[in-house]
Structures are given as C-alpha cells and as structure tokens.
Amino acid sequence: MLPFKYSILRLIYPIPDTQLERDRPMLVLALGISRTGTDSLRNALAQLGYKDIHHGFRFIINFHENLQWLRLAHAQHARDKSCLTAEDFDKVLGDCNAVTDQPSCGFAHELLDAYPDAKVILNYREDIEKWHSSVLNSAEKFDAYPNRYEWLLSYFQSSLFWQQHIMTYWMWRRYFASDFKRNGRRYYTEHYQGLEDTLNEQGRPYLRWKVEDGWEPLCQFLDKPIPSEPFPCGNAPEEYLKRIASFQIKRRQEAERNFRLFCGVIAAGFAGFGAYIVYLRK
678 MLPFKYSILR LIYPIPDTQL ERDRPMLVLA LGISRTGTDS LRNALAQLGY
728 KDIHHGFRFI INFHENLQWL RLAHAQHARD KSCLTAEDFD KVLGDCNAVT
778 DQPSCGFAHE LLDAYPDAKV ILNYREDIEK WHSSVLNSAE KFDAYPNRYE
828 WLLSYFQSSL FWQQHIMTYW MWRRYFASDF KRNGRRYYTE HYQGLEDTLN
878 EQGRPYLRWK VEDGWEPLCQ FLDKPIPSEP FPCGNAPEEY LKRIASFQIK
928 RRQEAERNFR LFCGVIAAGF AGFGAYIVYL RK
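In the working numbering, each number is its position in the sequence shown, counted from 1, plus 677.
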C-alpha cells in the first residue's frame, strides 16, 4: 500500500499500473550490482534460451512498471515482508525467466525468498575501483545527479517524473545514502558479502561469475550447452549513456513541448495582467 500522497501525484502525473501474473517459471536470479556485466549477462542468458530477462533498460522503457517497484521499495523500507512475496514480484516479473541489474539487484534478499528454486548468479567485477569508476561515468550521471534542466523537465512529463522519483530519489540515493562517490565501495562489499553469507547459511548453490569467465562456467552451472558464438560484451559507459538518451527522446520532446506551453500560458497571463493594470491607470 502506497502513502496517500501518491494518489494525488497520480492525478497530476497519470501512469498505468502493471499487474502481471506469472506465466513462466523464474529460473535465474543474477543479483550482481549494475555495471558488473549485467547487460552482457542479459544477452548471454537470452542466447541460452531464457525468455524476457528483466534488466534496468526494461525498467526505463516500460514506465508502467514504476508504481509496483515503488510499492516494493516502500515495503522493503518498512521491512514489511507481507508485501514482498512472489505474488508481489510477479506483478512486474511474471513474464520473465530471469532477472539482472537494477532494480532487481536492490531486492536481492527478497528475491531469494520469493523464488527459492531459481538458480543464483553473483555477477561481479574483480577490480572494485574499476567498477566504482564505471558507475561514476555512467549510471551515476543519469540516476543520481541529473542536471537542473533535466530535473525541471521531469515535472512536465509523467513517465520522466516517476522515473526520476523512483530511481533517483527513492532507490538510488537510499542505497548509497545520497553519496555514491563516498559510499559506493562500502555498498558493493556489503551487497556481495551479505548475499554470500545468506546463500551459504541456506546451503543454496550459487555461481560467482564475471564477464571474463565467459561461457564455460555459466553454461556448466545452468546445465546448458556452450554456444559457438563469442560471449556477448559491450555497454561501456559512453554506450550506456547513448542508449539511455535514445530511450528518452520521445519523453523529453513531450516534456519540452509541455514546458513551452506552460511558459506560454504564464507569459500570456502576465501580459494580460499588465494590460489590465495599464487599463486601470488610464
């Protein structure tokens, strides 16, 4: 259940509300943090036959998911496990065989409880400093600190508003205590250590994997034949930013139209008021 203020915000910024039901089993939970090969892993899982792997790119494109992720975030913050069940996650993940990247990795422990039969991959990077630098040059620019103009535009287009609210203010800054540069390394360490401790306590098998490991350990763990194609790689920081921008073109154009219309109405209002004052002084 979301606070009442969101009912008001939905009147101002209308948004559809996803209510999926599970139509295929959840088979793989890849719970590594963003910028640890999540997009390469998404492409690899697709090549291995998994259908509809949820990734942060899908979250950005399908803004009708936003409200349910927001409900999950509120439940997590309130430690309300009754709203973090498989049924709750199915509302946004019900058509997926696998998950990777944000927002899923932010609910790693809850997903382990929700899908106890799914295989678990902890995708990581060997060099935490390279990971930290990669995030600073990609996701941090988009998710955490949009420039003032981008921030302003988000108030003139519904999907931009909800995306900004959820990823920037409710999830990203909460995970990193509003300061990724200072707290990112600590979060990285605690994320993986906490998951490994939980998985070891449960006796649940998992695969520690990095992109450089390629197909062999991944396919062995998932019991899949090794493809003949090279392992998919890509999504460097500059590529990431270009892809995000391409997703946002139509939304940004709509926001700019609405902003110009708003400015026009305000300008007309001031002009009319000024004319009225001049009229009164005659």
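Cβ coordinates follow ideal geometry from the N, Cα and C atoms, glycine included.
Name the DSSP bridge partner or partners of residue i?
i    : result
Y883 : V797
A707 : I798
V776 : L706, H731
Please say whether residue j and residue i have beta carbons closer to each other than 8 Å?
i    : j    : result
S781 : R928 : no
M678 : G783 : no
K887 : G714 : yes
E911 : S717 : The sequence as given places Gly at residue 911; Glu does not occur at that position. Closer than 8 Å, so yes.
R712 : I805 : no
A723 : F908 : no
T875 : L789 : yes
L708 : A785 : yes
L749 : D765 : yes
R735 : Y801 : no
I710 : Y953 : no
Y956 : W839 : no
E960 : I903 : Residue numbering for the chain in the displayed model covers 678 to 959; residue 960 lies beyond these limits and cannot be assessed.
Y792 : L706 : yes
Within the continuous alpha helix (DSSP H) that includes residue i, where are the two ends?
i    : result
D694 : Per DSSP, D694 belongs to no alpha helix (DSSP H) and is neither H nor E.
H970 : Outside the displayed range of the chain (678 to 959) lies residue 970, so it cannot be described from this structure.
S811 : 805-813
E742 : That residue, E742, is in no alpha helix (DSSP H); it is neither H nor E in DSSP.
F766 : 763-770
R719 : 715-724
D790 : 785-791
R984 : The first residue shown for the chain is 678 and the last is 959, placing residue 984 beyond what the model contains.
Between the segment 790-803 and the segment 881-889, are three or more C-beta pairs nearer than 8 Å? yes
Output the residue ranges of the alpha helix (DSSP H) runs that lie fully inside the segment 847-907 and measure 4 residues or longer, sorted by chain position. The segment 847-907 contains these whole alpha helix (DSSP H) runs: 857-879, 892-899.
Contact between the segment 933-948 and the segment 827-836: three or more CB pairs below 8 Å? yes
Are three or more beta carbon pairs between the segment 683-696 and the segment 738-748 nearer than 8 Å? Cβ pair count under 8 Å is three or more, so yes.
Can we say the segment 758-776 touches the segment 716-734, given the rule of at least three CB pairs closer than 8 Å? yes
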